[in-house]
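Structure first, commentary second.
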Amino acid sequence: MNAFRFIHAADLHVDSPFRGLKDLPVSLRSRVVESTFAAWDALVDLAVQEQVAFVIVSGDLYDGKDRSFKAQWRLQRGMERLAAHRIAVYLIHGNHDPLHEGVQWAWPDNVTVFGIGAPGAALARGADGTPLAVIAGMSYGESAVRDNLAVRYPSEPEKALAPEAADGLPERARLFRIGMLHGTVDGRPGHDPYAPCSKRELIAAGYDYWALGHIHLREVLHASPYLVYPGNTQGRHVKETGAKGAYVVEVDERRHVSLRFAPLDQIRWSDEAVDIAALADMQQVMERLDTVLAGLRQQGGGRLVFARLTLVGRTPLYRELQRHSLEQQWAAAANEQELERMERSGSTDGVWIAKVCVRCRPDLDPAVWMESDSFLGDLVRLADRGRQDSALWNELLAEALRAFPAQPRLRQWLADQPEEAAADWLKEAMLLALEALHEGGSIS
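Residue numbers for the sequence shown follow the UniProt record's numbering, so the first one is 1 and each next one is one higher.
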């Protein structure tokens with residue numbers, strides 16, 4: 001078999017709405033709104049530059065069922081450019097953009113869209129017509145697909161090829177096999193379990209490469225065969241941090257695979273913890289934050305970076321930070337200065353502070369009181385037991401909620417929170433009480 005190269009992308013979410021932008025300066029807001037389109041353009045540029053044989057998009061091209069004219073036009077224009085360079089595209093639709101929902105434009109002839117119900121198969125050929133790989137895939141026909149689609153994929157996809165597609169293919173040819181699947185492998189926290197399957201099932205299916213989509217975190221689940229989530233091409237909020245893009249996949253004559261990640265994102269999200277435990281005053285805190293911003297600007301590689309900064313660590317400055325919101329004043333001044341710098345220099349790189357959170361703690365160590373025969377010792381031990389004993393936690397929560405008898409929505413909101421949030425609240429309450437009691441000076 002011949003060596004070849006292809007691109008594996010997924011979850012473009014073109015025309016994502018990016019809510020919560022009203023407070024952004026207009027110049028930055030337009031870059032955010034345009035970012036998913038620009039990431040698609042960068043994907044097309046990458047395919048042309050790398051001279052790939054084909055591009056795979058494993059679902060969620062669009063962000064929603066109602067596909068805007070702009071989104072369809074921009075995707076269409078990119079497909080036509082790929083066609084001009086004789087680059088084929090194979091795509092499936094996912095939970096955000098089911099195949100039969102929304103307006104559909106007719107794709108150019110270089111685009112193959114896999115249907116619903118059962119996996120289809122297509123033969124990928126080189127520019128000279130040489131067979132390179134057989135690709136199997138299927139789209140979602142509706143948003144919520146709960147069935148295991150992986151078990152429907154044929155173990156020998158060559159036999160599922162239409163006769164005209166298999167023309168010229170030797171009868172017992174064993175090509176490189178690619179499975180395209182938009183779904184959840186072995187469950188993923190924070191993601192709907194659509195098209196659930198197991199890693200074991202995919203490994204046993206007889207494919208060389210599973211081109212996965214749906215999970216926005218880039219991850220190689222297995223090698224030989226490869227099970228790969230490329231992540232989304234553009235981060236859309238602070239929970240989608242770091243570089244986003246696609247994989248350039250090299251396949252040699254022996255079907256050996258090598259992966260190379262190519263960043264495509266136009267803006268980048270960062271969630272940074274800034275430890276201020278060793279800092280003596282607010283001047284040092286501001287200097288530390290300035291240093292963090294400089295590092296993020298350098299890491300961004302010419303991109304606009306949106307950062308959430310969280311101040312952590314035990315510090316004697318805790319009360320000052322809580323009372324005066326100095327970090328918010330610093331953030332506003334830093335953003336104003338950064339915007340002026342970008343406009344003056346015409347540069348595209350910059351760091352915009354989306355939020356500053358204060359999660360630092362008073363300079364107290366609860367462990368000091370763990371063995372103490374005192375009220376503070378009782379408080380620390382009770383909080384420690386509550387973190388380990390769900391029944392005790394529920395009892396403490398019920399007692400606290402008695403102060404809010406007319407707040408059913410609060411009760412429901414608390415019931416919907418994850419377990420780790422409860423542990424954080426309990427620790428926060430313990431430290432606040434510990435600080436207040438300790439500063440009173442009469443309890444020891």
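Every residue, glycine too, gets a C-beta built ideally from N, C-alpha and C.
So does the region 160 to 167 actually touch the region 34 to 49, counting three or more Cβ pairs closer than 8 Å? For the pair of segments examined, the region 160 to 167 was found not to touch the region 34 to 49: the number of CB pairs separated by less than 8 Å stays below three.
Can you find the residues in the same chain that come closer than 6 Å, C-beta to C-beta, to T348, ignoring five residues on each side of it along the sequence? Around T348: G302.
Does DSSP put L123 in a helix, in a strand, or in coil? Reduced to three states, the DSSP call for L123 is strand.
Using a Cβ-Cβ cut-off of 8 Å (strictly less than) and excluding sequence neighbours within five positions of L437, which residues of its own chain qualify? Within the same chain, L437 has close Cβ partners F375, L376, L379, I443.
Can you give me the C-alpha to C-alpha distance between L181 and L212, rounded to a whole angstrom? The alpha-carbon of L181 is positioned some 5 Å away from that of L212.
Mind checking whether V292 and E327 have CB atoms under 8 Å apart? No, the Cβ-Cβ distance between V292 and E327 is not below 8 Å.
Take the Cβ of M370 as the centre, count every other Cβ of all protein chains shown within 10 Å, and call the residue buried at 16 or more, exposed below. Taking every protein chain shown into account, the CB of M370 has fewer than 16 other CB atoms within 10 angstroms, so this residue is exposed.
Could you give the DSSP three-state label for P225: helix, strand or coil? In the three-state reduction of the DSSP assignment, P225 falls in the coil class.
By the three-class DSSP mapping on this structure, what secondary structure does S258 have? Correct three-state label for S258: strand.
The region 62 to 70 / the region 18 to 33 touching (three or more Cβ pairs under 8 Å): The answer is no - the region 18 to 33 does not touch the region 62 to 70, with fewer than three Cβ pairs under 8 Å.
Within this structure, are the beta carbons of P157 and V134 separated by less than 8 Å? Here P157 is near V134, since their CB atoms are less than 8 Å apart.
Candidates A294, L43, G64: which alpha carbon is nearest F18's? Considering only alpha carbons, the answer is G64.
Excluding five sequence neighbours on each side, which residues of the same chain lie with their C-beta closer than 8 Å to the C-beta of R297? Excluding the 5 residues flanking it on each side, R297 has same chain C-beta neighbours closer than 8 Å at V305, D349, G350, V351, in chain order.
S155 versus E420 - alpha carbon distance: CA-CA distance, S155 to E420, rounds to 42 Å.
Of the listed residues N110, D192, I267, nearest to R81 (C-alpha basis): The option with the nearest alpha carbon to R81 is N110.
Give the DSSP-derived three-state secondary structure of F18 in the structure shown. In the three-state scheme derived from DSSP, where H, G and I count as helix and E and B as strand, F18 is classed as coil.
Excluding sequence positions up to five away, which residues of its chain have a Cβ less than 8 Å from the Cβ of A334? Cβ within range, chain order: L289, D290, L293, I353.
Measure the C-alpha to C-alpha separation of R344 and R308 and round it to an integer number of angstroms. Straight-line Cα distance between these residues: approximately 25 Å.
Can you tell me which of Q51, S27, L43, H96 puts its alpha carbon nearest to the alpha carbon of G59? Minimum Cα distance to G59 is reached at H96.
Three-state secondary structure (DSSP) of F404: It is coil, neither helix nor strand.
Between the Cα of G120 and the Cα atoms of R177, M79, I87, G78, which residue gives the shortest distance? Comparing Cα positions, the closest option is R177.
Could you check where the alpha helix (DSSP H) with residue 471 kicks off and where it finishes? Nothing can be reported for residue 471: it is not among the residues displayed for the chain, which extend from 1 to 444.
Distance between G313 and L279 (C-alpha atoms, nearest Å): L279 and G313: Cα-Cα distance of roughly 10 Å.
Terminal residues of the alpha helix (DSSP H) in which M1 lies: Element bounds for M1: n/a, residue is neither H nor E.
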